[in-house]
Amino acid sequence: FGPLAPIMSFSSEAEAVAIANDTPNGLASYIYTKDLGRAWRVAEALEYGIVGVNEGIISTHLAPFGGVKESGLGREGSHYGLDDYLELKYICLGLGDPIPGLPTMT
Numbered sequence: 047f048g049p050l051a052p053i054m055s056f057s058s059e060a061e062a063v064a065i066a067n068d069t070p071n072g073l074a075s076y077i078y079t080k081d082l083g084r085a086w087r088v089a090e091a092l093e094y095g096i097v098g099v100n101e102g103i104i105s106t107h108l109a110p111f112g113g114v115k116e117s118g119l120g121r122e123g124s125h126y127g128l129d130d131y132l133e134l135k136y137i138c139l140g141l142g143d144p145i146p147g148l149p150t151m152t
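Using this note's numbering, the letters of the sequence shown map in sequence onto residues 47 to 152.
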């Protein structure tokens, strides 16, 4: 197990993203570019849990760690790692006057 850095040619940004996403795995990916717009477009389009932009060492205890596809579900580390242990509940509390014609709780 280890990092793999294939070198392939491509003719467009879209083709490069398609090649990168054509895998059942999705833990981490990297992009190196001087174009900030391209960095954001490609990072958003890459189907990976972690994306490094112009940086090789991307793990930190402050950031969520985890992949997508066959590379895992959920995140560990940072405060996002707690999400797997929590249940989300939505509560809507109306404090205004009731709407005429709708049932009310008394």
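Note that beta-carbon positions come from the ideal geometry of N, C-alpha and C, so glycine has one too.
Could you check whether the region 123–130 touches the region 76–96, counting it as contact only if at least three pairs of C-beta atoms, one from each stretch, sit closer than 8 angstroms? Output reads no: the region 76–96 does not touch the region 123–130.
Within the continuous beta strand (DSSP E) that includes Gly98, where are the two ends? Start at 1 with the first residue of the sequence shown, and residue 98 comes out as number 52. Counting along the chain, the beta strand (DSSP E) containing Gly98 begins and ends at 96–99.
Straight-line Cα distance separating Pro149 from Asp143: Walking along the sequence shown from the start, residue 143 turns up at place 97. Walking along the sequence shown from the start, residue 149 turns up at place 103. Answer to the nearest angstrom: the Cα atoms are 12 angstroms apart.
Local Cβ density within 10 Å of Gly113, reported as buried at 16 or more and exposed below that: Along the sequence shown, read from residue 1 onward, the residue named residue 113 stands at position 67. So Gly113 ends up on the buried side.
Considering only the alpha carbon of each residue, which of Ser58, Met151, Tyr78 lies closest to Glu101? For the purposes of this step, residue 101 is taken as residue 55 along the sequence shown, with counting starting at 1. A check of alpha carbon separations from Glu101 across Ser58, Met151, Tyr78 identifies Tyr78 as the nearest.
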